[in-house]
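In this note's numbering, the protein residues as written are 2 to 618. Ideal placement from N, C-alpha and C gives every residue a C-beta, glycine not left out. As the structure is a computational prediction, the values presented were derived from the model and not from experiment.
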Ligand code: ADP
Ligand code: MG
């Protein structure tokens with residue numbers, strides 16, 4: 002129960018709806034009780050008691066009200082007025098009045114019930130919308146390392162499955178907190194007035210019932226959490242399979258991967274069976290336990306009716322029992338809601354894991370704004386490890402100056418830390434040791450968006466979105482004219498193939514540009530960088546996915562792009578960086594050689610070896 006506040010916290014933006022919901026429910030309960038209370042006059046009319054045969058002339062006097070005998074007063078008043086009416090207008094007429102009255106009360110009861118439900122809809126959907134937005138916003142700021150550790154499918158599971166669970170919980174918990182207890186309390190108060198003795202007995206028996214129900218619900222949260230984790234595993238497997246369907250078929254791995262999926266699915270099903278069985282126990286268990294209490298009341302009450310001295314008579318007792326039986330639905334709903342909340346809390350914990358995940362790249366309180374790059378970028382003894390406290394450094398002792406307007410090339414074997422080094426510039430990662438400055442200001446003093454706007458990044462794996470060609474090239478930019486997009490595409494040698502597409506620049510390129518070839522995708526992302534026109538350009542093996550012919554085209558585009566700009570180029574083929582102002586040679590996270598092409602060749606070291614290897618192929 003203690004986690005309930007966590008869910009209710011999300012209701013704070015929906016106070017208006019919550020109040021209307023509660024008021025509607027409250028009125029609905031009251032009219033519901035009224036409609037049941039009408040049993041008394043009905044029974045009086047249908048079965049007139051011997052001492053006050055309704056047809057005879059008034060023998061009853063108007064009963065007096067005593068707070069400790071409300072039940073008897075109600076019953077006697079009913080008898081009195083029914084007799085009065087019958088005497089004056091006849092039985093037929095009284096029956097019609099009662100029926101019409103009953104219909105009106107039921108209309109009101111259900112109108113208010115609908116009013117409650119009507120106002121529930123925006124709460125339930127609104128809370129889920131808020132959470133969904135919150136998670137999505139968080140995804141946009143979480144550190145890149147989060148995504149290597151935490152699987153995509155799991156995040157998807159949390160965003161869909163767990164949210165649905167919370168939608169239920171929020172709904173249920175609101176009703177649980179308000180309607181059901183309200184219902185139970187109002188009903189119990191009514192019962193106290195009708196017969197204090199019987200109700201006292203009920204008060205002793207009902208808590209025992211509640212205790213038993215709570216015991217069963219206790220273990221539910223844990224198994225629900227487990228099942229949600231399994232769902233995440235399934236989502237990951239599906240996402241991996243769809244992404245890798247070519248490879249799976251090429252290696253005829255269907256059988257292995259199918260078996261694996263079916264096994265996980267089986268485990269999930271097993272856990273879910275347990276969860277459902279336990280959840281579904283709430284309602285029948287409650288109904289049975291409350292019925293036991295009712296049976297005891299029937300026994301005791303029956304004796305009271307028989308006793309000539311006790312004020313409890315037949316119609317009053319029947320009505321009492323009917324009203325008491327009305328405790329069953331709210332009690333059942335209460336326990337079901339309680340079980341569902343336990344399940345929902347497991348989901349909330351999983352969602353909070355994302356929402357509370359640490360954001361490692363943080364902007365300082367009052368960051369410095371930068372609109373231009375004037376002098377130089379400098380690495381001061383930078384070291385970096387992907388895992389905090391990890392001894393395996395991906396970068397060590399990197400000191401490097403990149404003056405404005407120069408082209409710096411970084412070469413080295415795969416895994417030597419080249420990408421890691423350039424990822425530090427847009428602050429995808431912050432250095433573990435040392436400092437990076439731009440025009441003498443440490444990167445972490447700057448407004449992150451300003452810093453990133455200074456840079457254009459083209460990587461080996463092009464990232465395109467399921468949108469039109471034009472929107473992909475103008476990605477992240479506003480106020481871009483068609484002419485600008487087209488001229489950028491021309492520079493990137495992309496205009497030609499784009500013009501041949503179905504709808505030209507308005508063609509939708511499909512999921513991740515699946516309809517394009519590797520070279521075409523690469524030129525698209527080049528056009529994107531050209532359009533952005535940044536002062537600093539970062540090319541991380543931008544041409545390595547291309548064949549020689551398209552590489553020549555792209556290289557030409559790149560050379561144009563690099564003139565008058567500060568560029569950091571990671572190159573796969575050394576022939577493309579011969580003209581760089583400085584070449585940095587990396588090995589195992591360290592800079593081992595530096596200089597221009599000629600000087601490095603003359604050194605006869607690592608660079609020379611790499612260069613010779615490539616010259617012969
Ligand atoms: P390069 O670009 O030179 O091929 P990287 O900079 O990508 O090399 O990688 C340098 C080292 O850091 C490698 O040993 C690699 O395994 C490791 N590495 C790269 N990315 C991650 C990551 N997200 N988490 C942990 N280790 C990583
Ligand atoms: Mg790399």
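Taking its Cβ as the centre, do 16 or more other Cβ atoms sit within 10 Å of residue i, making it buried, or is it exposed?
i: residue 54; result: Note that residue 54 scores 44 on pLDDT, short of 50, meaning its location in the model is unreliable; the coordinates nonetheless yield the value given after this. Looking at its Cβ environment, which holds fewer than 16 other Cβ atoms inside 10 Å, residue 54 is exposed.
i: residue 308; result: exposed
i: residue 257; result: exposed
i: residue 289; result: exposed
i: residue 414; result: exposed
i: residue 264; result: exposed
i: residue 126; result: exposed
i: residue 333; result: buried
i: residue 615; result: exposed
i: residue 29; result: buried
i: residue 549; result: exposed
i: residue 159; result: buried
i: residue 17; result: exposed
i: residue 199; result: buried
i: residue 418; result: buried
i: residue 424; result: buried
i: residue 244; result: exposed
Compare the Cα-Cα distances from residue i to each of the options and report the closest residue.
i: residue 231; options: 166, 119, 364 and 269; result: 269
i: residue 503; options: 469, 435 and 31; result: 469
i: residue 282; options: 318, 335 and 427; result: 335
i: residue 201; options: 452, 91, 368 and 295; result: 295
i: residue 115; options: 27, 535 and 199; result: 27
i: residue 455; options: 93, 534 and 88; result: 534
i: residue 161; options: 210, 74 and 233; result: 233
i: residue 426; options: 419, 444 and 417; result: 444
i: residue 387; options: 466, 433, 399 and 347; result: 433
i: residue 315; options: 326, 325 and 303; result: 303
i: residue 10; options: 167, 483, 89 and 112; result: 167
i: residue 563; options: 574, 381 and 540; result: 540
i: residue 429; options: 362, 241, 561 and 147; result: 362
i: residue 482; options: 515, 506 and 355; result: 506
i: residue 228; options: 237, 132 and 276; result: 276
Please list the terminal residues of the continuous alpha helix (DSSP H) segment that includes residue i.
i: residue 465; result: That residue, residue 465, is in no alpha helix (DSSP H); it is neither H nor E in DSSP.
i: residue 496; result: 496-500
i: residue 473; result: 470-474
i: residue 423; result: 419-424
i: residue 611; result: 607-616
i: residue 451; result: 449-454
i: residue 143; result: Run containing residue 143: none; DSSP gives neither H nor E here.
i: residue 37; result: 16-38
i: residue 538; result: Looking at the DSSP string, residue 538 is not in any alpha helix (DSSP H); the run it does join, the beta strand (DSSP E), is 537-541.
i: residue 428; result: No alpha helix (DSSP H) contains residue 428, which DSSP labels as neither H nor E.
i: residue 523; result: 519-533
Can you tell me whether residue i is helix, strand or coil according to DSSP?
i: residue 560; result: helix
i: residue 488; result: helix
i: residue 134; result: helix
i: residue 311; result: coil
i: residue 363; result: coil
i: residue 371; result: coil
i: residue 459; result: strand
i: residue 509; result: strand
i: residue 574; result: coil
i: residue 568; result: strand
i: residue 327; result: coil
i: residue 481; result: coil
i: residue 1; result: Coverage of the chain is limited to positions 2 through 618, which leaves residue 1 absent and any answer about it impossible.
i: residue 404; result: strand
i: residue 438; result: strand
i: residue 398; result: strand
i: residue 443; result: strand
i: residue 413; result: strand
i: residue 388; result: coil
i: residue 64; result: coil
i: residue 87; result: helix
i: residue 357; result: coil
Just to confirm the assignment, what range does the beta strand (DSSP E) spanning residue i have?
i: residue 586; result: 583-588
i: residue 380; result: 377-385
i: residue 155; result: That residue, residue 155, is in no beta strand (DSSP E); its alpha helix (DSSP H) goes 153-158.
i: residue 591; result: 591-596
Query raised in the report: For the segment 175-245, which segments carrying the alpha helix (DSSP H) assignment without a break, of at least 4 residues, lie completely within its bounds, in sequence order?
Result: Listed in chain order, they are 180-195, 197-218 and 221-244.
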